[in-house]
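Using the numbering used here, the first residue of the sequence shown is number 27, and each one after it goes up by one.
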Amino acid sequence: MKKILCVMLAAAMMACTLAGCGGEQSTERADETPPPVELHLAGSIASTHPMWDVLHGFADAVAEQSNGTIEIVLDLNGVMGSDREMTEALMNGSLAFAMISDMGMTGAIPEIGYLNLPYLFKDVQEQEDIYFYGWMGEMLAETLDSYGIKLCGSVFECDFRGLTNSKHAVVNPEDMVGLKLRVPENQMYVKFFEALGCQPTAMAITEVASALQQQVIDGQDNGPCVTTSYNFQDFNKYITKTNHAQTGMALVGSKTVFETLTAEQQELLDNLFDEYTLKGQEATLAYIEDAYAMMEDAGCEISEPSEALQAKFKEVAMEIWNDTSITDKFTPAAMERILSELT
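Shown next as structure tokens:
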């Protein structure tokens with residue numbers, strides 16, 4: 027009887043020990059799995075913009091690779107406010123991520139305005155080499171970091187800008203005079219178009235369609251990607267390929283929010299940032315190839331600027347480059363390199 031009791035006691039102790047070990051392993055596994063987190067990603071892009079599908083693919087990839095522990099909630103179509111409002115929300119940590127153009131961020135971060143100087147790059151290749159994957163991109167990341175914003179992946183194409191309007195074809199300098207144009211909320215572009223004889227009005231991109239429809243403005247300056255993704259060709263039938271300025275698009279995040287994530291979650295997101303911003307570059311460039319055809323199909327008249335108009339644009343551009351009332355707000359080191367290397 028004593029022998030039986032001893033065996034039973036030993037078995038019970040072993041069972042307890044095994045249960046304890048199992049419990050510790052379970053606890054360790056539970057500790058390794060972070061609690062689910064919901065992160066909002068905002069942007070002003072419309073459902074027809076090439077980045078719409080890229081961002082949905084990004085959100086799906088995050089959910090899959092994190093085993094459902096990270097959910098990216100997409101708040102697009104400008105539902106979270108203007109580019110400036112989204113930028114400020116990233117700074118104060120009330121928004122996790124946003125897809126914003128570099129020009130859209132200048133309202134809150136004027137130092138980066140050098141990125142949108144007219145005629146800064148001669149083509150996409152130079153833009154990629156110097157900006158997206160070069161020293162300007164590094165300088166942008168440093169400035170954003172000082173504002174509590176993380177550059178996620180690389181900057182990518184948002185299009186070289188052109189002109190659209192409802193009045194007449196713009197081919198020569200005199201065709202610009204008196205046109206009421208929407209320009210970005212950026213004083214540099216207000217001055218640029220004033221010098222060309224236009225009547226510029228700064229407004230958020232989400233307000234442009236209604237302003238065109240109500241004939242508050244005659245036209246706007248954007249490239250084919252933005253123009254067609256917002257269907258501005260429905261209101262403006264005259265398109266001019268001026269290529270007078272360039273814009274980059276960036277996926278940016280709140281450092282405050284990002285640093286609350288585990289190291290593993292941060293690494294996972296960083297890898298996907300790199301992958302999907304490259305996808306963004308590819309998707310946007312592919313879309314631009316088709317955008318002019320879309321405008322022609324909508325009945326638009328597409329014009330090339332005359333040599334006189336190009337010369338006038340570049341003359342005014344150089345005045346902007348040398349206007350210290352504008353450029354004094356920009357990162358000094360960037361302006362030094364631009365004036366020494368790109369003039």
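Positions of the beta carbon are idealized from the N, C-alpha and C atoms, including for glycine.
Legend entry - Strand pairing of Ile126, partner residues [DSSP]: Ala276
Legend entry - Contact under 9 Å by Cβ, Phe158 with Glu137: no
Inset, instruction - Quick one: give me the first and last residue of the alpha helix (DSSP H) that Arg187 is part of. - result: No alpha helix (DSSP H) holds Arg187; DSSP gives it neither H nor E.
Inset, instruction - Determine the extent of the alpha helix (DSSP H) in which Pro76 is found, giving its start and end residues. - result: Pro76 to Gln91
Legend entry - Which of helix, strand or coil DSSP assigns to Gln259: helix
Inset, instruction - Count the CB pairs spanning the region 153–171 and the region 188–204 that are closer than 8 Å, and state whether there are at least three. - result: no
Inset, instruction - For Tyr173, name the three-state secondary structure that DSSP assigns. - result: coil
Inset, instruction - Whole angstroms is fine: what's the gap from Met125's alpha carbon to Val105's? - result: 13 Å
Legend entry - Proximity winner among Asp201, Asp323 and Trp347, relative to Ala334 (alpha-carbon distances): Asp201
Inset, instruction - Could you tell me whether the Cβ atoms of Ala337 and Leu146 are closer together than 9 Å? - result: no
Inset, instruction - Could you give the DSSP three-state label for Ala235: helix, strand or coil? - result: helix
Inset, instruction - Take Pro76 and list the residues in its own chain whose beta-carbon comes closer than 6 Å to its own, dropping the five residues that flank it on each side. - result: Ala309, Thr310 and Tyr313
Legend entry - Which of helix, strand or coil DSSP assigns to Thr150: Note that residue 150 is Val in the sequence shown here, rather than Thr. Residue state, collapsed to three classes: helix.
Legend entry - Distance, Leu67 Cα to Val252 Cα: 20 Å
Inset, instruction - Please confirm whether Ser281 and Ile328 have their CB atoms less than 9 Å apart. - result: For clarity, residue 281 is Lys in the given sequence; the question names Ser instead. Result no, Cβ atoms of Lys281 and Ile328 do not sit closer than 9 Å.
Legend entry - Given Gly139 as reference, the closest of Val278, Thr95 and Gly274 once Cα atoms are compared: Gly274
Legend entry - Touching by the beta-carbon criterion (3+ pairs, under 8 Å), the region 110–118 and the region 169–177: yes
Inset, instruction - Check whether the Cβ atoms of Met112 and Ala276 sit closer than 9 Å, and answer yes or no. - result: no
Inset, instruction - Keeping to the same chain, check which residues put their C-beta closer than 6 Å to that of Glu211; ignore five residues upstream and five downstream. - result: Gly133 and Ala228
Legend entry - Cβ distance (whole Å) where Ile346 is taken to contact Lys217 below 8 Å: 7 Å
Legend entry - CB contact flag (Ser192, Tyr264, <9 Å): yes
Inset, instruction - Spatial neighbours of Gly188 within its chain, please: CB distance less than 8 Å, with the 5 preceding and 5 following residues excluded, ordered by chain position. - result: Asp247, Asn248, Gly249, Pro250, Thr253, Ile265, Thr266, Lys267, Thr268, Asn269 and His270
Legend entry - Test item: CB-CB of Leu166 and Leu143 under 9 Å: no
Inset, instruction - Could you spell out the range, first to last residue, of the beta strand (DSSP E) harbouring Thr353? - result: It is not in any beta strand (DSSP E) - Thr353 instead sits in the alpha helix (DSSP H) that spans Thr350 to Thr353.
Legend entry - Burial state of Thr74 (16 or more Cβ within 10 Å): exposed
Inset, instruction - Determine the direct distance from the alpha carbon of Pro61 to that of Tyr215, and round the result to whole angstroms. - result: 46 Å
Legend entry - Nearest residue (CA-CA) to Phe219, options Ala72, Glu341, Gly83 and Gly69: Glu341
Inset, instruction - Check whether the Cβ atoms of Thr353 and Met361 sit closer than 9 Å, and answer yes or no. - result: yes
Inset, instruction - Compute the Euclidean distance between the alpha carbons of Gly48 and Gly163, then round it to the nearest angstrom. - result: At Gly48 the pLDDT is 42, less than 50, meaning the model places this residue with poor confidence and gives no usable figure here.
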